[in-house]
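For the sequence shown, my numbering puts the final residue at 637, and the numbers step up evenly by one.
The C-beta atom is built at its ideal place from N, Cα and C for all residues, glycine as well.
If you're wondering where the values come from, they're calculated on a predicted model, not measured in any experiment.
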Amino acid sequence: MSDLKNVDLKDLEIRGQLAYRAGLSYTRLEGEWYRAHEIFTADKKGWPGDWEGRTILALTLLAQVTHRPPAYLEKIFDRIPEYLNKKGYFGPISEAGIAGEQRLSGHSWYLRGLIENYKWTGDTRVLKLLNNCVENLYLPVTGHYAKYPVNVAQAAKNKVWLLSHLQSKLRTHALTIDTGCAFIALDGVTQAYQLNKEPSLRKMILQMIERYQQLDFLGYNVQTHATLSAVRGIIRFYETEGNKEHLALAEKMFNMYKEEAWTENYANYNWFGRPRWTEACAVVDSFIVATWLWKHTGNATYLEDAHHIYYNALAHAHRASGAMGSERCLGSEYVYLRVTTYEVHWCCTMRGGEAWHKAAEFTMFHNDNQLIFPFYHDLTGTIHFADGDVTLKETTGYPFDGSAKFEVLASSAPGTKTLKFFAPSWTSGSKTKVLVNGKACEAKFSKGFLSIELVLKRGTRIELDLKIGLHTQGRVCKNNTPGYHTYRHGPMILWCDNPEVIRIPRDLELAHEGMGTYKTTYTPGVANPGVVLSPINDPFTLTQPDSVKQVLFAPNRTKSHG
76 MSDLKNVDLK DLEIRGQLAY RAGLSYTRLE GEWYRAHEIF TADKKGWPGD
126 WEGRTILALT LLAQVTHRPP AYLEKIFDRI PEYLNKKGYF GPISEAGIAG
176 EQRLSGHSWY LRGLIENYKW TGDTRVLKLL NNCVENLYLP VTGHYAKYPV
226 NVAQAAKNKV WLLSHLQSKL RTHALTIDTG CAFIALDGVT QAYQLNKEPS
276 LRKMILQMIE RYQQLDFLGY NVQTHATLSA VRGIIRFYET EGNKEHLALA
326 EKMFNMYKEE AWTENYANYN WFGRPRWTEA CAVVDSFIVA TWLWKHTGNA
376 TYLEDAHHIY YNALAHAHRA SGAMGSERCL GSEYVYLRVT TYEVHWCCTM
426 RGGEAWHKAA EFTMFHNDNQ LIFPFYHDLT GTIHFADGDV TLKETTGYPF
476 DGSAKFEVLA SSAPGTKTLK FFAPSWTSGS KTKVLVNGKA CEAKFSKGFL
526 SIELVLKRGT RIELDLKIGL HTQGRVCKNN TPGYHTYRHG PMILWCDNPE
576 VIRIPRDLEL AHEGMGTYKT TYTPGVANPG VVLSPINDPF TLTQPDSVKQ
626 VLFAPNRTKS HG
């Protein structure tokens, strides 16, 4: 499936909830904290290049989604030279023989921001900036990755690395060490290698991947965000080189993350073995990794993961201000989904830009003869096939209902195309009817997708109704407290607003009130009457600072009130 291409964002107009989220994020990222007079001096915790890079990356990506130039990005680029050292990177010049973990992690975001901007604009000054960063910051520490401490014992004896130091950014965050963040750099250097194919950079990447595999992720309490950012880099390297061992490694690591560090709403433990709070940065990574793994393996489980992450973790981490924030780790002692830090403005808010960019990019995949819809969003887009172009409009009620309609607005492609529509396990799946111009069309079902073949002529109308209803799910991570269940409408987890923990058995019938909302009926000794369960993916109010939602339920009362 590696020959599949993303839809070109130049040819895509998104609408509906995705456009709403992208617009909110863009507005937030043009606020005071993300302007030229602020971003170069905002970081006081020793992460040079991080704030700058994440901001450049987010603004560059959202500009492509919204088709609106960033208000302040040019001014940011104008001032970059003022803050670079003589070697062409941020902060003091590195001491010979020493590798700074936070410096390499932070500059990975700077690299990625520069690369995405250069791909978008072709600006040669941006290319010069990124080449200087690779040559003078990253390549000199190639051999150091072989000496990165992979466990607690090695960290105590380490003399080569300046490891992530103890810090706290807000009162709500305890003192922490971001163990393993040096491997976030795999994300940046693999994208740089895609661009320049520099042999010395390839050597460094291979060394990084080899050492990454040796990390004691659980015993060393490695940061899950660093783990998943590295997986993104490993998948990108697989796309560049085609070594299936790297794809297998990416699958192994993502599945370990799911098994060991998922919350019950598909967010993350911030570190393996330490479920203190979630981090939207890792949630964004997990959404991208899951979708990429589906793209390269055809395994629909990964795509179901991506839907769950998007509608329950990403959507809830998105705030009414457009920012991104953190929450308690649902399921690890807590039945409530509760905000910890309303806005993580120094990192997660910027990553929201990449989340909505990727969500737009993932709306359609295609090659010369196929058009695939792994997600459903309101949009108009043009697809470039080998034999011509097709412009279509999509309107959908997903995930609140399973309706999806497609109309071909223009076509110059005379050949027959295979269209594939994702029909996940919480829908009618293989039993879903597909209509073409109002008439039933024979659809085949394989690997989670309904497929039809037809010529996409102007005026062609395609309709499907993926029946969505109520279902329940037990715990999704083995480390979370057993005995609870969640109620779901399609991919969306439901919650209730109640001052005291209530119990609702899994087999209780609930009345559907519309838009994925349900109400309990009176059952003596079992459930309170009239309790309303609604999706935690709230597109109307988004998450508020005082948000507290009971999400986990059990048949009997428990001591854990979250």
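May I ask you to report which of helix, strand or coil DSSP gives residue i?
i      : result
Leu368 : helix
Arg593 : Checking the sequence shown, residue 593 turns out to be Tyr, not Arg. Here Tyr593 sits in strand by DSSP.
Ile56  : Residue 56 cannot be examined here, being either before or after the span of the chain that is shown, 76 to 637.
Trp195 : helix
Ala94  : helix
Lys278 : helix
Asn81  : strand
Asp380 : helix
His564 : strand
Arg349 : strand
Glu538 : strand
Asn554 : coil
Thr571 : A small fix is needed here, since residue 571 is Cys in this sequence, not Thr. Correct three-state label for Cys571: strand.
Thr338 : coil
Thr315 : helix
His420 : coil
Gly427 : helix
Thr502 : coil
Leu583 : coil
Leu48  : For residue 48 there is no data in the structure shown, the boundaries of the chain being 76 and 637.
Phe362 : helix
Ile89  : strand
Leu525 : strand
Glu354 : coil
Phe329 : helix
Glu588 : strand
Gly181 : helix
Gly463 : strand
Name, in chain order, the residues that DSSP records as bridge partners for residue i.
i      : result
Gly549 : DSSP output for Gly549 lists no bridge partner at all.
Arg413 : Val623
Gln445 : Thr493
Cys516 : Val509
Lys468 : Thr455, Glu482
Met399 : His393
Pro610 : Leu569
Val530 : Thr491
Gln298 : Trp346
Leu405 : Tyr409
Lys618 : Position check: residue 618 holds Thr in this sequence, whereas Lys was assumed. Arg394.
Phe628 : His560
If we count the other Cβ atoms within 10 Å of its Cβ and call it buried at 16 or more, is residue i buried or exposed?
i      : result
His432 : buried
Lys272 : exposed
Arg533 : exposed
Ile168 : exposed
Ile173 : exposed
Arg200 : exposed
Gln625 : buried
Lys492 : buried
Pro610 : buried
Phe329 : buried
Thr596 : exposed
Lys634 : In this prediction, Lys634 has a pLDDT of 42, which is less than 50 and means its spatial position is unreliable; what the coordinates show is noted afterwards. So Lys634 ends up on the exposed side.
Ala171 : exposed
Ala388 : buried
Ala228 : exposed
Met567 : buried
Phe628 : buried
Ser224 : The sequence shown places Pro at residue 224, not Ser. Buried: at least 16 other Cβ atoms inside 10 Å.
Ser521 : exposed
Arg632 : Any reading at Arg632 must be qualified, since the residue scores a pLDDT of 47, below 50, and its modelled position is unreliable; no value is offered.
Gly428 : buried
Should residue i be counted as a contact of the ligand SAH given a C-beta to heavy atom distance under 8 Å?
i      : result
Thr141 : Ligands displayed in this structure: none; no statement on the ligand SAH is therefore possible.
Report the start-end ranges of each alpha helix (DSSP H) in the segment 200 to 265 that is 4 residues or longer and not cut off at the edges.
227 to 232
Going along the chain, which unbroken runs of the beta strand (DSSP E) with 3 or more residues stay wholly within the segment 143 to 174?
none
So, do the segment 336 to 348 and the segment 464 to 475 have three or more beta carbon pairs nearer to each other than 8 Å?
no
At least three beta-carbon pairs within less than 8 Å, the segment 569 to 589 to the segment 348 to 363
no
For the structure I just gave you, are there three or more beta carbon pairs, one from the segment 491 to 499 and one from the segment 435 to 453, closer than 8 Å?
yes
Three-pair Cβ contact test at 8 Å for the segment 387 to 400 versus the segment 108 to 117:
no
Is there contact here, the segment 112 to 127 with the segment 178 to 195, by at least three beta-carbon pairs under 8 Å?
yes
State whether the segment 552 to 561 contacts the segment 500 to 511, with contact taken as three or more CB pairs (one from each stretch) at a distance under 8 Å.
no
Runs of alpha helix (DSSP H) lying entirely within the segment 102 to 141, each at least 4 residues, in chain order
111 to 114, 125 to 141
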